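Going by numbering that gives the first Met the number 0, the residue at position 138 of the sequence shown is 137; the numbering climbs one at a time, nothing skipped.
This report concerns only the one structure given below.
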Amino acid sequence: MALLDILHFPDPRLRTKAVAVREVDSGVVKLVDDLLETMYDAVGIGLAATQVNVHRRVVVVDVSEDHDQPLVLINPELIELHGVEEMDEGCLSVPGFYETVSRAERIRVRALNQQGEVFELEAEDLLAVCIQHEIDHLDGKLFVDYISSLKRQRIRKKLEKLEKSRQKK
Ligand code: K1U
Ligand code: ZN
0 MALLDILHFP DPRLRTKAVA VREVDSGVVK LVDDLLETMY DAVGIGLAAT
50 QVNVHRRVVV VDVSEDHDQP LVLINPELIE LHGVEEMDEG CLSVPGFYET
100 VSRAERIRVR ALNQQGEVFE LEAEDLLAVC IQHEIDHLDG KLFVDYISSL
150 KRQRIRKKLE KLEKSRQKK
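Here it is, written out as structure tokens:
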């Protein structure tokens, strides 16, 4: 397993649309393991392959308190959306910023698991929000796209400044 570098907003690579996985081969299994290791190390509840500059439709999620219930979604598709819920979201690619976003409160998602088998899952609340957030990453979308352009610009400037000061070190 390996720890992968997470891209930060406004890196344009985060805007890449990921391509579907054709076969869950050993490369995809390794990617899943590396995503899980990277997500747990960064203390996140989700991570999409896009965030580590791999443009394949693979995400991992774990919203359990003990970080022991990993969920792997390969080629995830939202097949049902119900209700609306507002929740504060963060993102490992937008470190240090949290904003309120409106999303579906309950969803049904279809995906492949790490064994390449199709499954469907119903989710609500934080799990539903997290899955929608991760699928957005695969489509090159970030939670900051749902907030005002003024707020987004402020976040962009702060993260650019931080990145410049990191590069000087
Ligand atoms: O995609 C990511 O960058 C992961 C992101 C997922 C997410 C968080 C909150 C709402 C929707 C999606 C994170 O995990 S950021 C870290 C974070 O917000 C968090 C960490 C532990 C518990 C609760 C939230
Ligand atoms: Zn994110």
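Idealized CB from N, CA, C, for every residue including glycine.
Remember, it's a predicted structure, so these values are computed and weren't measured experimentally.
Rounded distance between the beta-carbons of residue j and residue i, thought under 8 Å
i	j	result
Asp61	Met38	7 Å
Leu111	Val23	6 Å
Val58	Gly45	7 Å
Asp32	Met0	5 Å
Arg155	Phe8	7 Å
Pro75	Ile134	5 Å
Cβ neighbour criterion (16 or more within 10 Å) applied to residue i
i	result
Gln166	exposed
Arg56	buried
Leu158	buried
Arg151	buried
Leu30	buried
Leu137	buried
Helix, strand or coil at residue i [DSSP, three-state]
i	result
Ala47	strand
Ser147	coil
Ser92	coil
Pro11	helix
Leu70	strand
Met86	strand
Arg165	helix
Arg153	helix
His132	helix
Ala127	helix
Close-in-space but distant-in-sequence residues of the same chain around residue i (CB under 6 Å, 5 per side omitted)
i	result
Val100	Glu88, Phe142, Tyr145
Leu125	Val62
Gly115	Val23
Phe118	Asn112
Phe96	Ile154
Neighbourhood of residue i by C-beta distance below 7 Å, restricted to the same chain and skipping five residues each side
i	result
Arg12	Leu6, Asn52
Asp4	Val51
Sequence-distant residues of its chain with Cβ nearer than 8 Å to residue i (five each side left out)
i	result
Leu2	Asp33, Glu36, Thr37, Asp40
### Query
Is the stretch 37–56 in contact with the stretch 88–103, if contact means three or more CB pairs nearer than 8 Å?
They touch, by the three-pair rule.
### Query
Is there contact here, the stretch 70–84 with the stretch 95–115, by at least three beta-carbon pairs under 8 Å?
By the Cβ criterion, the stretch 70–84 is in contact with the stretch 95–115, since at least three pairs of Cβ atoms, one from each stretch, lie closer than 8 Å.
### Query
So does the stretch 62–71 actually touch the stretch 7–22, counting three or more Cβ pairs closer than 8 Å?
As far as the Cβ criterion goes, the stretch 62–71 does not touch the stretch 7–22, which means the pair count is below three.
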